[in-house]
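Residue numbers (my numbering): 21 to 306. Ideal Cβ positions, reconstructed from N, Cα and C, are used throughout, including at glycine. I have placed the structure first, in the form of structure tokens, so that the comments after it can refer back to it.
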């Protein structure tokens with residue numbers, strides 16, 4: 021295929037197992053982990069866990085990525101579309117609350133095909149960086165119930181410097197608006213989310229101004245979305261070499277951003293700082 025799935029629009033050639041674009045991936049799913057995941061938002065993980073399928077590769081190159089072994093190094097195992105459908109079925113059978121597709125963008129064609137083979141009776145979650153093409157997202161209408169996009173930056177210069185993501189603010193804004201168009205207001209069944217959008221923001225050390233501006237942007241542009249403020253930042257990967265990113269966030273930094281969250285009366289979630297620990301990074305053993 022000639023691929024333009026993500027905002028980079030590489031027009032790169034991709035065959036089943038390899039590609040020449042930014043991601044360097046083939047079209048068949050490359051999977052690093054399939055398992056119940058207990059560490060998402062409460063309305064996603066619940067008591068039985070979210071049925072997470074962690075895909076290899078990513079549309080970004082975040083210098084602080086906790087999952088760099090799979091997002092940048094593409095560790096994982098290539099499987100057939102029919103095997104992916106079977107993984108959905110197995111996860112559903114063990115009682116998870118949803119099927120959680122983590123970093124799925126390079127494999128949208130395969131995912132749609134797998135959902136045509138077997139569509140679980142539980143919600144489908146699209147868990148991504150938020151750096152997405154509206155045209156690509158529109159193909160997911162009717163397949164995805166819950167969107168979990170990041171909104172990382174209110175500053176394109178930061179986005180380029182830390183994630184190699186040009187035109188990030190406009191691109192992510194348009195993407196989240198498309199997600200909201202598809203799902204509408206959040207719908208719950210008891211404590212569990214059935215449909216809707218949760219916009220995540222990770223607070224970075226030395227960058228509370230960016231976080232405050234992100235929350236203001238979310239308040240102004242993403243009506244109907246829940247917000248998840250994340251304090252789990254742990255310096256790993258290339259962040260260890262960056263003097264602004266080579267430490268965890270402080271209580272003072274996090275409280276400053278949380279105060280803005282409450283001031284704006286944004287509905288959603290705020291992590292505890294105790295989540296900033298490498299023990300919460302899964303093992304990538306498929």
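Item                                                                                                                              : Value
Beta carbon of residue 144 nearer than 8 Å to that of residue 163                                                                 : yes
Three-state secondary structure (DSSP) of residue 174                                                                             : coil
Paired residues, beta bridge with residue 55 - DSSP                                                                               : 72
Cα-Cα separation, residue 97 to residue 50                                                                                        : 5 Å
Inter-residue Cα distance where the pair is residue 44 and residue 37                                                             : 9 Å
Burial state of residue 58, where buried means 16 or more other Cβ atoms lie within 10 Å                                          : exposed
Cβ-based burial, residue 271 [other Cβ within 10 Å; buried from 16]                                                               : exposed
For residue 92, the residue or residues it bridges with in DSSP                                                                   : Residue 92 pairs with nothing; no bridge assigned.
Stretch pair the region 230-247 + the region 172-182: three plus CB contacts closer than 8 Å                                      : yes
N-terminal and C-terminal residue of the alpha helix (DSSP H) that residue 127 is part of                                         : Note, residue 127: premise wrong, no alpha helix (DSSP H); not H, not E.
Chain-order list of residues whose beta-carbon lies under 8 Å from that of residue 112 (same chain, five-residue window excluded) : 71, 119, 140, 141 and 142
Neighbour-count burial assignment, residue 238, 16 or more Cβ in a 10 Å radius                                                    : buried
As assigned by DSSP and simplified to three states, the class of residue 42                                                       : coil
Rounded straight-line distance, which links the Cα of residue 279 to that of residue 23                                           : 42 Å
Own chain residues within Cβ distance below 7 Å of residue 204, not counting five before or after                                 : 244
7 Å CB neighbourhood of residue 250 in its chain, flanking five on each side removed                                              : 220, 221, 222, 223 and 291
Helix, strand or coil at residue 253 according to DSSP, with G and I counted as helix                                             : coil
Under the three-state DSSP convention, the category residue 273 falls into                                                        : helix
Selected residue, minimal CA-CA separation from residue 82, among 273, 288, 283 and 253                                           : 253
Cβ pair residue 133, residue 101 closer than 8 Å                                                                                  : yes
Residue 248, DSSP secondary structure in three states                                                                             : strand
Start and end residues, beta strand (DSSP E) containing residue 213                                                               : 212-222
Spatial neighbours of residue 215 in its chain, beta-carbon cut-off 8 Å, leaving aside the 5 residues before and after            : 143, 165, 166, 203, 204, 206 and 207
Check whether residue 123 and residue 84 have beta carbons under 8 Å apart                                                        : no
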